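Presented below is the structure to which this report refers.
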Amino acid sequence: MTIAVIQFGGSNCDRDSVQALGSMGFGAELVWHEDGLPEDVTGIMLPGGFSYGDYLRAGAMAARSPIMSEVREAAADGTPVLGVCNGAQIGCESSLTPGAFTTNESARFQCEHVHLRVENADTPWTSQYDTGEVIELPIAHGEGRYEITDDRLDELEAEGRILFKYCDAEGEVSPEANPNGSKHAVAGVTGESDHVAVMMPHPERASLDDLGRTDGQPVLSGFAD
Amino acid sequence: MTAFTVTVTVRLKHGVLDPEAETTQRSLERLGFELDDLRGADVFELDLDAEDADAAADRAEEMAERLLANPTIHDYDVEVTERE
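The listed protein sequences correspond, in order, to chains Z and A.
For the first sequence, position 140 (counting from the first letter as 1) is numbered 140 according to our numbering, and the numbering increases by one without interruption.
For the second sequence, position 21 (counting from the first letter as 1) is numbered 1021 according to our numbering, and the numbering increases by one without interruption.
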């Protein structure tokens, strides 16, 4: 079992992701984007960072790199794909997932811990949580504001494709608890099928026992399904 | 074939929040300028050879659809001029 953590020039959460997955017993390896996917790949993680220096739009260049065609094919064949932070931006730019992540409402880079409410616990990435459960994960992004048309967002809500919403410690969604101005406070969504998902907060940064909170481990466990 | 410069202007769709533009507007106002609104846009100038202006515009539109703009948040327009 090999989870490919894809490295682009400018990825910087790639090693953290491999370490977090490895600590949970997964076989995970770094895959340089020019080398293509390994044949035995059983999962794909698009890690955070600043691929291609965020040129044009965050994730825009990486989304058009040749390996992403392989990722889309693998996703279509049922391989789990998780995009985190810059990986989430790449996922939306490559149409693996709907919508776009764009400039924070504050117009600033924000690095802080946030609370998230689990919106749908019936996906591989959230099945170890309960719907409505509040977890805490770090964010670190300048372009994390989820944007999509109102109609499309209503459809996603109705289809249960919203994984997490930003909230306060009690689980209340409010403008004050929304760190980046995301529409409907969306922090993560699934693709057409729920084995493909993206999220701006970093589960891999809250998955090692030595570093305190491990609220992110259940997300990464989605690769086991 | 004729040489053209195609100018592709990419803007946020109406109604999509633009924090950078808002911040820029506030900064101008702090400098004492009066204005009602400010909108940012990205402009790309593409030098290319094509059979005619329509063909040049078609190629630039495909570039906008596939990379220069993100259809979820952007509108764009294309202007073709012949290059000397």
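Even glycine gets a Cβ: it sits at the ideal position worked out from N, Cα and C.
Note that the coordinates shown come from a computational prediction; the quantities given were computed from them, not determined experimentally.
* To do: Give a yes or no on whether 8 Å exceeds the smallest Cβ distance from R57(Z) to chain A.
  => It does: the Cβ of R57(Z) has a partner Cβ on chain A nearer than 8 Å.
* Compare the beta carbon distance of T97(Z) and V198(Z) with 8 Å and say whether it is the shorter of the two. => Cβ distance < 8 Å, so T97(Z) and V198(Z) count as in contact.
* **Partners in chain A for S106(Z), counting only beta-carbon separations shorter than 8 Å** => P1019, listed in chain order.
* Start and end of the alpha helix (DSSP H) containing T1005(A)? -> Judged by DSSP secondary structure, T1005(A) falls outside any alpha helix (DSSP H) and instead within the beta strand (DSSP E) spanning T1002 to L1012.
* Whether V31(Z) touches V71(Z) by CB criterion (8 Å) -> In this structure, V31(Z) sits away from V71(Z), with a CB-CB distance that is not shorter than 8 Å.
* Asked: Taking the Cβ atom as the reference point for each residue, do H113(Z) and M200(Z) lie within a distance shorter than 8 Å?
  -> No. Outside cutoff.
* Can you list the residues of chain Z that V1043(A) reaches, using a CB-CB cut of under 8 Å? -> What V1043(A) touches in chain Z: nothing, since even the nearest Cβ is about 13 Å away.
* Could you tell me how far apart the beta carbons of D194(Z) and T123(Z) are, in whole angstroms, since I believe they sit closer than 8 Å? => About 4 Å separates the two Cβ atoms, so the contact holds.
* To do: Report the neighbours of T1023(A) on chain Z: residues whose CB is nearer than 8 Å to its CB, in chain order.
  => Near T1023(A) (Cβ distances below 8 Å), the residues of chain Z are A107.
* Skipping 5 residues on each side, what residues in its chain have a beta carbon closer than 7 Å to that of D209(Z)? -> Once the five neighbours on either side are set aside, D209(Z) has no close Cβ partner at all.
* Should H33(Z) be labelled buried (16 or more other beta-carbon atoms within 10 Å of its own) or exposed? -> Per the 10 Å Cβ criterion, buried.
* Any Cβ of chain A within less than 8 Å of the Cβ of A75(Z)? -> Among the residues facing chain A, A75(Z) is not included, as its CB has no counterpart in that chain under 8 Å away.
* At which residue ranges does the stretch 87-155 of chain Z contain complete beta strand (DSSP E) runs of 3 or more residues, listed in the order of the chain? -> Taking 3 residues as the shortest admissible run, the stretch 87-155 of chain Z contains the following complete beta strand (DSSP E) segments, listed from N- to C-terminal end: 100-102, 110-118, 134-141 and 145-147.
* Answer with buried or exposed for D40(Z), where buried requires no fewer than 16 other C-beta atoms within 10 angstroms of its C-beta. => The C-beta of D40(Z) has fewer than 16 other C-beta atoms within 10 Å across all chains shown, which makes the residue exposed.
* Asked: Using a Cβ-Cβ distance under 8 Å, would R161(Z) count as near chain A?
  -> By this cut-off, R161(Z) is not an interface position.
* **Bounding residues of the beta strand (DSSP E) (the contiguous stretch that carries G43(Z))** => Here the beta strand (DSSP E) through G43(Z) covers V41 to L46.
* How would you label C252(Z), buried or exposed, when you count the other beta carbons within 10 angstroms and need 16 or more for buried? -> As displayed, chain Z neither begins before 1 nor continues past 225, which places residue 252(Z) out of reach and without an answer.
* Starting from A187(Z), follow its DSSP beta bridges and name the residues at the other end. => Paired residue(s): none; A187(Z) is not in a bridge.
* Output the boundary residues of the beta strand (DSSP E) element that contains E29(Z). => Segment A28 to W32, the beta strand (DSSP E) holding E29(Z).
* **Near-chain A residues of the stretch 80-101 of chain Z (beta-carbon distance less than 9 Å), N- to C-terminal order** => Per Cβ criterion, the list reads C92, E93, P98, G99 and A100.
* Asked: DSSP three-state call for D211(Z): helix, strand or coil?
  -> With the sequence shown as reference, residue 211(Z) is identified as Leu, and Asp is not the correct amino acid for it. The answer is helix: DSSP assigns L211(Z) an H, G or I state.
* Check the Cβ-Cβ distances between D1072(A) and every residue of chain Z, and say whether any is below 8 Å. => It is Thr, not Asp, that sits at residue 1072(A) in the sequence shown. Cβ-Cβ to chain Z under 8 Å: yes for T1072(A).
* **Proximity test, Cβ basis, 8 Å: A62(Z) and chain A** => With 8 Å as the cut-off, A62(Z) does not count as an interface residue toward chain A.
* To do: Look at the alpha carbon of L21(Z) and the alpha carbon of G191(Z), and state the distance between them as a whole number of angstroms.
  => A direct Cα-Cα distance of roughly 22 Å separates L21(Z) from G191(Z).
* To do: Whole angstroms is fine: what's the gap from L156(Z)'s alpha carbon to I162(Z)'s?
  => Linking L156(Z) to I162(Z) through their CA atoms gives a straight-line distance of about 7 Å.
* Asked: Distance, Cα to Cα, S94(Z) vs G1032(A)?
  -> Rounded to whole angstroms, S94(Z) to G1032(A) spans 43 Å at the Cα level.
* Asked: For G83(Z) versus S51(Z), is the C-beta spacing smaller than 8 Å?
  -> Going by C-beta atoms, G83(Z) is not nearer than 8 Å to S51(Z).
* **Rounded separation between V137(Z) and L116(Z) - CA only** => Sequence check: residue 137(Z) is Leu here, not Val. Roughly 7 Å between the two C-alpha positions.
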